[in-house]
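Here our numbering is used: the first residue of the sequence shown is 371, the next is one more, and so on.
Where a beta carbon is used, it is the ideal one built from N, C-alpha and C, also for glycine.
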Amino acid sequence: MKAGLFGGTFNPIHNGHLGIIQYVKAHYAFETIILYPSALPPHKPNLNLASARDRLTMVKRAIKNLNGFQVSDIELQRKGPSFTIDTISQFKTIFGSHTRFHLLLGSDAFFDTPSWKQANRIFGALPVIVMQRGEKTDMEPYASFIDEHVSKGYKLKSDNIFVHDRLFPIRICNVPRIDISSTQIRNRIKSGKSISGLVPEDVETFIKTKDLYK
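Encoded structure:
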């Protein structure tokens, strides 16, 4: 099985997330994409963060009518900060060798990987797909970053794929530009503005019912 792993705070999950991952799923012919909310994001300690359980519930509500998507509470079950390399290892143990995992990262998260726990192990564990918003991408910043922070052995192929003789490929995928952010949604809620159309209806209802982000 070919599966994508897409983690994040999802604080809250919104229609931008959903549009992008549906595009990636179709583009790379994934059988499934697993979304997993982080319990304690080590790099975002100052967010107006809803509880992990509430964020998990919102993700479940967001994808309930979408085929080929799953939600995992894998990081909620583990104590301490949510480190990606630990999560990857757990997924591989749970699903076994018949599942070919790919890690999906936004471009901001990708460029932040030098601060992650044992980041270099990630590129030796599974292929990475970097979701770059917009139709065209300048590959030079990616090439320089990968050469300096990941491995000097990566070479760029013509189809936006960096390949290595020992590590897994890094693919740069141009995804639709959907200008919605979780920060924007939280700010609108705090200001008493509508978030209709920015999140799925069931997520909007849950936020109102739980009185989140006020």
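Residue closest to residue i, alpha-carbon to alpha-carbon, out of the options
i	options	result
Met371	Val569, Phe380, Ile383 and Ile404	Ile404
Phe481	Pro546, Ile542 and Phe465	Ile542
Arg491	Leu436, Ser566, Phe380 and Asp456	Asp456
His519	Glu445, Asp581 and Ala489	Ala489
Tyr583	Pro570, Glu571, Lys563 and Gly567	Lys563
Val441	Leu375, Leu419 and Tyr512	Leu375
Lys434	Ser459, Gly450 and Leu388	Leu388
Phe532	Thr553, Met509, Ile550 and Gly450	Met509
Lys487	Lys578, Gly378 and Pro451	Pro451
DSSP-derived helix/strand/coil call for residue i
i	result
Ile455	helix
Val388	As written in the sequence, residue 388 is Leu, which differs from the Val given in the question. Note: Leu388 maps to helix in three-state DSSP.
Lys506	coil
Asn544	strand
Met428	helix
Arg470	strand
Contacts around residue i, its chain only, beta-carbon distance under 7 Å, and the 5 residues preceding and following it disregarded
i	result
Val573	Pro382, Ile383, Met428, Arg431 and Ala432
Tyr393	Val545 and Pro546
Ala396	none
Arg503	Val545 and Arg547
Lys585	There is simply no residue 585 to check, as the chain begins at 371 and stops at 584 in what is shown.
6 Å Cβ shell around residue i - same chain, five flanking residues per side excluded
i	result
Phe380	Pro407, Arg425 and Val429
Lys462	none
Ser524	Here the sequence assigns Tyr to residue 524, which means Ser is not the residue at that position. Around Tyr524: Ile516, Phe532 and His534.
Exposure label - residue i; buried when at least 16 CB within 10 Å
i	result
Glu401	exposed
Pro411	buried
Gly567	exposed
Contact under 8 Å by Cβ, residue i with residue j
i	j	result
Leu526	Ile499	no
Gln548	Val569	The question names Gln, but residue 548 is Ile in the sequence shown. Contact: no.
Ala609	Ile458	In the structure as shown, the chain starts at 371 and stops at 584, and residue 609 therefore has no counterpart that could be examined.
Own chain, CB closer than 8 Å to residue i, minus 5 neighbours either side, in chain order
i	result
Ala588	This structure gives no information on residue 588, because the portion of the chain shown stretches from 371 to 584.
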